[in-house]
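Student: All letters in the sequence shown, in the order written, are residues 4 to 182 by my numbering. For each residue, glycine too, the CB sits at the ideal point set by N, CA and C. Take a look at this one; I'll ask things after.
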Amino acid sequence: MNGESVSQVWTDLVQLPGFAVVHVEQDIAHQRYFITVVPERSIGVCPQCHRACDTIKQRRSRDRILDLPIGSHAVELTVRVGQFECPHCDRCFTPPIEFLAEGAHGTERLLGRVAELIRHSDVSNAARFFGVAEKTLEGWYYAFIERQQQRAAEAPSGTIRRIGIDELSLKNGTDSSSP
4 MNGESVSQVW TDLVQLPGFA VVHVEQDIAH QRYFITVVPE RSIGVCPQCH
54 RACDTIKQRR SRDRILDLPI GSHAVELTVR VGQFECPHCD RCFTPPIEFL
104 AEGAHGTERL LGRVAELIRH SDVSNAARFF GVAEKTLEGW YYAFIERQQQ
154 RAAEAPSGTI RRIGIDELSL KNGTDSSSP
């Protein structure tokens with residue numbers, strides 16, 4: 004396999020939307036993968052003027068981001084992102100990264116798994132399992148739960164008006180499924 008196809012295999016394995024794996028290191032002694040990912044596209048939307056921007060001022064890395072394990076190996080991500088300089092409003096910004104948990108060195112999917120484990124056990128066991136300090140994981144967990152509750156509250160709540168509408172009855176005005 005050439006380098007490009009190996010990179011694609013890792014990108015498919017890791018499944019981080021919009022990001023590609025560019026480097027993988029394995030620490031056999033500590034059963035850990037160190038994976039570096041970069042955005043597949045170098046474009047962002049300015050949060051000030053809401054225009055597309057492709058001018059990168061500098062690149063930054065978010066290091067030591069914990070992700071779901073692969074097999075028996077823990078995974079630490081390095082996420083490289085561009086800081087854009089908007090030519091329209093002269094502001095600099097770094098686009099949000101959907102899979103990173105805000106205020107934590109972990110991914111949202113890792114924290115989802117942590118929350119699932121805590122529901123069946125406790126914070127102490129989850130912290131040991133994922134190799135994170137208990138107090139740190141506790142803070143991540145409660146922030147994750149709060150974000151989930153906020154998303155649920157912000158989600159559009161479309162009221163169901165009819166189920167299984169008979170189109171002929173609806174056309175004839177004899178709709179028997181009306182509330």
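Could you tell me which residues DSSP puts in a beta bridge with phenylalanine 37?
Tutor: Glu28 and Glu79
Student: Identify whether glycine 106 lies in helix, strand or coil by the three-state DSSP scheme.
Tutor: coil
Student: Excluding the 5 residues preceding and the 5 following glutamate 88 in the sequence, name in chain order all residues of the same chain whose CB lies nearer than 8 Å to its CB.
Tutor: Cys56, Thr58, Ile59, Lys60, Arg94 and Cys95
Student: Report yes or no: do the segment 107-119 and the segment 132-151 share at least 3 C-beta pairs separated by less than 8 Å?
Tutor: yes
Student: Is the Cβ of serine 127 closer than 8 Å to any Cβ of chain C?
Tutor: Absence of chain C from the displayed structure is noted, only one protein chain being present.
Student: Determine the extent of the beta strand (DSSP E) in which leucine 69 is found, giving its start and end residues.
Tutor: 59-73
Student: In three-state terms, what does DSSP make of alanine 130?
Tutor: helix
Student: Taking only three categories from DSSP, how would you classify alanine 23?
Tutor: Three-state result, alanine 23: strand.
Student: Determine the burial state of glycine 134: buried for a count of at least 16 other Cβ atoms within 10 Å of its Cβ, exposed for fewer.
Tutor: exposed
Student: By Cβ distance, which residues of its chain are closer than 7 Å to alanine 129, with the 5 residues on each side in sequence left out?
Tutor: Val117, Leu120, Ile121 and Leu140
Student: How would you write the range of the alpha helix (DSSP H) that isoleucine 121 sits in, first residue to last?
Tutor: Start and end: 111-123.
Student: Does the beta-carbon of cysteine 52 have 16 or more other beta-carbons within 10 angstroms, so that it is buried, or is it exposed?
Tutor: exposed
Student: Determine the direct distance from the alpha carbon of alanine 136 to that of serine 181, and round the result to whole angstroms.
Tutor: Model confidence at serine 181 stands at a pLDDT of 49, short of 50, so the residue's coordinates are unreliable; what they give is reported in the following sentence. Approximately 56 Å, taken between the alpha carbons.
Student: Could you tell me the alpha carbon to alpha carbon distance between histidine 123 and glutamate 79, rounded to whole angstroms?
Tutor: 25 Å
Student: Under a three-way DSSP split, which group does valine 9 fall into?
Tutor: Of the three classes helix, strand and coil, the one that applies to valine 9 here is helix, per DSSP.
Student: Helix, strand or coil: which one does DSSP assign to glutamine 3?
Tutor: Nothing about residue 3 can be reported from this structure: the residues present for the chain run from 4 to 182 only.
Student: If you follow the alpha helix (DSSP H) that isoleucine 148 is in, where does it begin and where does it stop?
Tutor: Unbroken alpha helix (DSSP H) run through isoleucine 148: 137-157.
Student: Near glutamate 81, which residues of its chain fall below 6 Å by C-beta distance, leaving aside the five closest residues on each side in sequence?
Tutor: The question names glutamate, but residue 81 is threonine in the sequence shown. Excluding positions up to five away in sequence, the list reads Thr39, Ser64 and Asp66.
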